[in-house]
Amino acid sequence: MGTFIGIAANNQTDSFIAGQQAASEALEHGKINRPDFALIFCGGKHNPREFLRGINTILPGVPKAGGSSFGIISNNLIGYDGFEVGVTLFQSDKIRFEVFSQGELNVDEYKAGEELGKKIKTELRVDSRALLLFYDSSKQQSPPMLNFATPLIQALEGYVPDTISIAGGGFLADMMLSACYQIVDNEILTQHVIGILISGECSMDTAILHGCQPCSDYVTITKTHGPLVMEIENKPALDMIDELLGPGHGINVKDFAMNLTLGVNKGDKFSDFRESDYANRLTLAVDEPSRSLVMFEPDLQQGSEVQLMRRSMDPHYVGKVIDDMKSRLGSKRPVLAFYINCGGRAKPFSGVEFEDAEEVRKALGEIPYSGFYSGVEIAKVGHTLQPLDWTGVMCLISEI
Amino acid sequence: MSNLEQQEEAQKQINYYKNRLKALSSSLMSLEYANANLSKDVLQMSEGLSVISELQLWNTESKLEVLLDLLAEKINVRLKMDVTLMLMRVKDHSSEYAPHYIKSFADYNKERALKVRLTIPEAFHQSSVSLIANDDSDTDLLVVALRNAFELDHFILCPVIHDNKVFNYIFAGRRKQLLQSGKGILKYHQNILEAIGGVISAVQNQIDRNVILEKLVDKRTEELRKEKEVSETLLLNILPYETTQELKVNGYVKAKDYNIVTVLFTDFVGFTALSSELSPQELVTEIDHYYRTFDDITHKYGIEKIKTIGDSYMCASGLPVEKGTHAEDAVSAAIEMRDFVEMAKEERKKQGRPFFEIRIGLNSGPVIAGIVGVKKFSYDVWGDTVNVASRMESKSMAGKINISQSTYELVKDKFDCSYRGKLDAKNKGLIDMYFVEPRS
């Protein structure tokens, strides 16, 4: 029989109808009569309970995983207005999905990662191939804070062997860090991390897309505090950025937030540029009194070498990455291209002239395509699993 | 050149190119940041303009409530607002406004917002300008009232101008963004909302025109109804109701056989002599006076007036709807007609004025009734029964009601009838005749 994939998305503003319609259309689009598993996502302006209730009128009893998303990506709809929903349905006698979850992410990310890792480890089989990792990005406290993926991943890596391909993303409801939800079967959760273990006659190849290129010398971070990069080359971080940009650059310091990107080269420092070697770290905010940069994650440490990155105004890099992935498939049959893309890369927020998720769709051709817009992305850069910013993570699931 | 000098020269070149690269990168980054900000604004502007262009695709059937609901939804989604609503005046001439058509995100307390009643200061109302609020520290009373009412940090209040007056206000707002350096509400939002306001005004214009048109249509319909009523009344004067219905449905009326009806004729005695004493106008007025009363009497007894021929009034009882009391009703009507004429005669005698006397004849029997011809048609009855009834009238006497044997048989138990014997009727030979009077 093989694998059937049904994908549907819409932007109905009624949460119940949105869920019901997406589930129904996913069944129809995939010609699915015995759904085995569903990935479900709804925009931050939706009521997740009503959305799930709508889904369950069509898919009662079907195992499900998903949650809030900043936007939805599919063959037919790419949107981020807050009302998009997406359903990806699987029916397969080759690929299995098992869902694990762990709460209290807001209390201790490392512990949550450890507990999730333990649960996954006990269920690992010889044919376990991949792990999709989703988590709540927003701590829901005042003042708002992010849950960090860095300790979560550090803890989890101890329980999951290198042979398992891992990718994921942090859920984000909107740019206001509003309440964010995770869905596991019929439960609506918050402050949870979800692991979807993918097993069977399959594989999951991943690639990162950001299109950014270094545009400065290597500089060394000399002082940090959690996600704060306080000093670079022993100078206040903002002063050093001013220096790197050159005198009279004219960029308002407030505009560094969600724009200024530092790149960490995980490959050979002085060999030719390779996009896949670079981990992008985006500036969340600036702390002007301390002349510091506030990063999304606390992984940049004293001694980290970084470069200032500039965004590509040319969409061609997308096609190159996807074509490269496809060429490495060999005899494997791709069944789903699942794209986890940074919300900041959506066209209205990125400042680039093209919609990268649309460019991905064009490059994929006939391969079924779905995904969501995230807060933070997770993928391997070089051999290191790490949180990423302003990055798209392509997960190509194939039958082998 | 020594090695040291060569190294120094190489380092100089490296520094030169590094500085050039830095300068180029700097200008490139500046351009990219500027471009990023610009393209974000342009994209949002085009989203806003698309709301306006999509308006032409909406089928609202010019229903304002449908349009306002759709607009609120589109503004909220496409302009990436968090809350959009229409502030409508609570009552005419009041400065109090209430929110309607609220569109918001899932957690927004819509019920609370719906209870809000806002007073728009008269000075602001009269100014007909939009209000944009992005600054938390703005202490303007209206800004503070709106911020507290709808719990938003950035918002716009845009008046919809219709007929040179504020028709309603569009309110749209955003929460404070944490992950993007959101600029809140910008001037182009105002331009778009004002353009949308123009569309609302245009629809309201259409509605106003429709109201005027509907009133005209109602007026014309009423006129037509009255005209139809007049036509039908006129038709009913000419034809029996049942016959008019048959005519409407079929376009023609089939002549119908009646087994037995009672036909009544009246005639004014001495009409010709009196005609010479009165002017034609006076004569017609006189006859009209009597015939109006006869019409009332026949209507009262459900008798069908057939026609008048000069001073003769002809009617028939028992058609077009057959009835068992046709003879009795006809005789009762005849007595009332006769009594009315007699009463008038007595009064006029006293006044010394000329007067009429009447003789009446009735006969009962089969007839055929219907319409013939297509122009100035009228309902009529035919048959020997009609001829005999006419003979009964001509053989009657002034102030008397003469009935035939067949009528006598039908009314003899209810009226006093006196046999007159067999009298000669023109072309009919000797016929039994009776005078009839009310039971004494």
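Protein chains in written order, with this note's numbering: chain A, 416 to 815; chain B, 637 to 1076. The beta carbon of each residue, even a glycine, is placed where N, CA and C say it ideally should be.
Give me the chain B residues within the contact set of Thr428 of chain A, using Cβ-Cβ distance strictly less than 9 Å, ordered along the chain. As a position in the first sequence, residue 428 of chain A is number 13, starting the count at 1. Those within 9 Å of Thr428 of chain A in chain B are Glu709, Asn712, Val713, Lys739.
From A:Ala437, A:Asn491, A:Leu442, A:Gln436, residue whose alpha carbon lies closest to that of Glu781 of chain A: What you label residue 781 of chain A is simply residue 366 of the first sequence in a count that begins at 1. Among A:Ala437, A:Asn491, A:Leu442, A:Gln436, the Cα nearest to that of Glu781 of chain A belongs to A:Asn491.
Neighbouring residues, chain B, relative to Asp496 of chain A (Cβ below 8 Å): Position 81 of the first sequence, counted from the start, is the residue given in the question as residue 496 of chain A. Correct list: Val713, Arg714, Lys716.
Neighbour flag for Ile666 of chain A against chain B, beta carbons, 8 Å: Here the question's residue 666 of chain A lines up with position 251 in the first sequence. So, interface residue.
With burial defined as no fewer than 16 other Cβ atoms inside 10 Å of the residue's Cβ, what is the status of Asp718 of chain B: buried or exposed? Residue numbering aside, residue 718 of chain B sits at position 82 when the second sequence is read from its first letter. Buried, because 16 or more other Cβ atoms sit within 10 Å of the Cβ of Asp718 of chain B.
Looking at the C-beta of Leu660 of chain A, does it have a partner C-beta in chain B at a distance below 8 Å? Taking the first sequence and counting its residues from 1, one reaches residue 660 of chain A at position 245. So, interface residue.
Consult DSSP for Phe586 of chain A and reduce its assignment to one of helix, strand or coil. Counted from its first residue, the first sequence places residue 586 of chain A at position 171. Reduced to three states, the DSSP call for Phe586 of chain A is strand.
Are the CB atoms of Ile942 of chain B and Cys951 of chain B within a distance shorter than 8 Å? Working through the second sequence from its first residue, we reach residue 951 of chain B at position 315. Working through the second sequence from its first residue, we reach residue 942 of chain B at position 306. It is a contact, given that the beta carbons lie within the stated cut-off.
When the cut-off is 8 Å and only beta carbons count, does Asp743 of chain B lie next to chain A? Translated into the one-based positions of the second sequence, residue 743 of chain B becomes position 107. Chain A contact via Cβ: present.
Residues of the segment 672-701 of chain B with Cβ closer than 9 Å to any Cβ of chain A, in chain order: Ala672, Asn673, Leu674, Ser675, Lys676, Leu679, Gln680, Glu683
Which chain A residues sit within Cβ distance under 8 Å of Ala659 of chain B? The residue given as residue 659 of chain B occupies position 23 in the second sequence. Going along chain A in sequence order, the residues near Ala659 of chain B (Cβ under 8 Å) are Gly661.
How would you label Tyr653 of chain B, buried or exposed, when you count the other beta carbons within 10 angstroms and need 16 or more for buried? The residue given as residue 653 of chain B occupies position 17 in the second sequence. When all chains shown are included, Tyr653 of chain B counts as exposed.
Give a yes or no on whether the minimum CB-CB distance between Cys630 of chain A and chain B is below 8 Å. Numbered from 1 along the first sequence, position 215 holds the residue referred to as residue 630 of chain A. True, the Cβ-Cβ gap to chain B drops below 8 Å.
Looking at C-alpha atoms only, which residue of B:Ser773, B:Asp743, B:Leu750, B:Leu777 is the closest neighbour of Glu758 of chain B? Counting from 1 along the second sequence, the entry for residue 758 of chain B is found at position 122. Taking only the C-alpha atoms, the option nearest Glu758 of chain B is B:Leu777.
With a 10 Å radius around its C-beta and 16 neighbouring C-beta atoms as the bar for buried, classify Leu667 of chain B as buried or exposed. The sequence position of residue 667 of chain B within the second sequence is 31, counting from 1. Label assigned to Leu667 of chain B: exposed.
Backbone CA spacing between Leu685 of chain B and Ile828 of chain B [nearest angstrom]: Looking up residue 685 of chain B in the second sequence gives position 49. Looking up residue 828 of chain B in the second sequence gives position 192. If I take the Cα positions, the gap works out to 7 Å.
Less than 8 Å between the beta carbons of Pro478 of chain A and Asp600 of chain A, yes or no? As a working note, residue 478 of chain A is residue 63 in the first sequence. As a working note, residue 600 of chain A is residue 185 in the first sequence. Yes, the Cβ-Cβ distance between Pro478 of chain A and Asp600 of chain A is below 8 Å.
Under the DSSP definition of a beta bridge, which residues are partnered with Asp551 of chain A? As a first step, residue 551 of chain A is located in the first sequence; it is residue number 136 there, counting from the start. Note: Asp551 of chain A sits in a beta bridge opposite A:Phe586.
Please name the residues in the segment 757-778 of chain B whose beta-carbon is closer than 8 Å to at least one beta-carbon of chain A, in chain order. none
Rounding to the nearest angstrom, what Cα-Cα distance links Pro1002 of chain B and Glu993 of chain B in this structure? Locating residue 1002 of chain B in the second sequence gives position 366, counting from the first residue. Locating residue 993 of chain B in the second sequence gives position 357, counting from the first residue. Distance between the alpha carbons of Pro1002 of chain B and Glu993 of chain B: 30 Å.
Mind listing the chain B neighbours of Glu529 of chain A? Cutoff is C-beta to C-beta under 9 Å, in chain order. Position 114 of the first sequence, counted from the start, is the residue given in the question as residue 529 of chain A. The contacting residues do not exist; Glu529 of chain A stays about 28 Å from chain B at best.
With 16 other Cβ atoms within 10 Å as the buried cut-off, status of Pro802 of chain A: Taking the first sequence and counting its residues from 1, the one referred to as residue 802 of chain A is at position 387. Buried.
Give me whichever residues DSSP pairs with Gly1001 of chain B in a beta bridge. Residue 1001 of chain B sits at position 365 when you count from the first residue of the second sequence. The partner list for Gly1001 of chain B (beta bridge, DSSP) reads B:Val897.
Please name the residue in A:Phe505, A:Glu814, A:Ile568, A:Tyr788 whose C-alpha comes closest to that of Pro713 of chain A. In the first sequence, residue 713 of chain A corresponds to position 298, counting from 1. Among A:Phe505, A:Glu814, A:Ile568, A:Tyr788, the Cα nearest to that of Pro713 of chain A belongs to A:Ile568.
Per-residue contacts from Glu768 of chain A into chain B (C-beta, under 7 Å): Reading the first sequence from its first residue, position 353 is the one you call residue 768 of chain A. Simply Ser675.
How would you call Arg1077 of chain B, buried or exposed, if buried means at least 16 neighbouring beta carbons within 10 angstroms? Nothing in the structure corresponds to residue 1077 of chain B, since chain B is present only between 637 and 1076.
Quick one: which unbroken beta strand (DSSP E) runs of 3-plus residues sit fully inside the segment 1009-1035 of chain B? Chain order, please. 1015-1018
As an exercise, report each continuous alpha helix (DSSP H) stretch of at least 4 residues that is fully enclosed by the segment 770-856 of chain B, in chain order. 777-786
If you check the beta carbons only, do Ala421 of chain A and Ile535 of chain A fall under 8 Å apart? Looking up residue 421 of chain A in the first sequence gives position 6. Looking up residue 535 of chain A in the first sequence gives position 120. For the record, residue 421 of chain A in the displayed sequence is Gly; it is not Ala. Contact: no.
Of all the options A:Pro783, A:Phe563, A:Phe764, A:Leu587, which has the alpha carbon lying nearest to the alpha carbon of Leu811 of chain A? By one-based count along the first sequence, residue 811 of chain A stands at place 396. Per the Cα distances, A:Pro783.
Alpha carbon to alpha carbon, how far is Ser1030 of chain B from Leu919 of chain B? Give it in angstroms, no decimals. As a position in the second sequence, residue 919 of chain B is number 283, starting the count at 1. As a position in the second sequence, residue 1030 of chain B is number 394, starting the count at 1. In a straight line, the C-alpha of Leu919 of chain B is about 22 Å away from that of Ser1030 of chain B.
Here's a check: name, in chain order, each residue in its chain whose Cβ is nearer than 7 Å to the Cβ of Leu700 of chain B, leaving out the five neighbours to either side. As a working note, residue 700 of chain B is residue 64 in the second sequence. Val839, Gln840, Ile843.
Of the choices A:Met728, A:Leu539, A:Glu792, whose alpha-carbon is the least far from that of Phe512 of chain A? Within the first sequence, residue 512 of chain A is the residue found at index 97, counting from 1. The shortest C-alpha separation from Phe512 of chain A is found at A:Leu539.
Would you say Met665 of chain B reaches chain A, if we count a Cβ-Cβ gap shorter than 8 Å as a contact? Taking the first residue of the second sequence as 1, we reach residue 665 of chain B at position 29. Judged by the 8 Å Cβ criterion, Met665 of chain B is in contact with chain A.
Measure from the alpha carbon of Thr565 of chain A to the alpha carbon of each residue in A:Met809, A:Asp804, A:Ile815, then state which is nearest. In the first sequence, residue 565 of chain A corresponds to position 150, counting from 1. Among A:Met809, A:Asp804, A:Ile815, the Cα nearest to that of Thr565 of chain A is on A:Asp804.
How far does the beta strand (DSSP E) with Met619 of chain A in it reach, from first residue to last? On the first sequence, position 204 is the one that residue 619 of chain A refers to. Met619 of chain A -> beta strand (DSSP E) spans 617-624.
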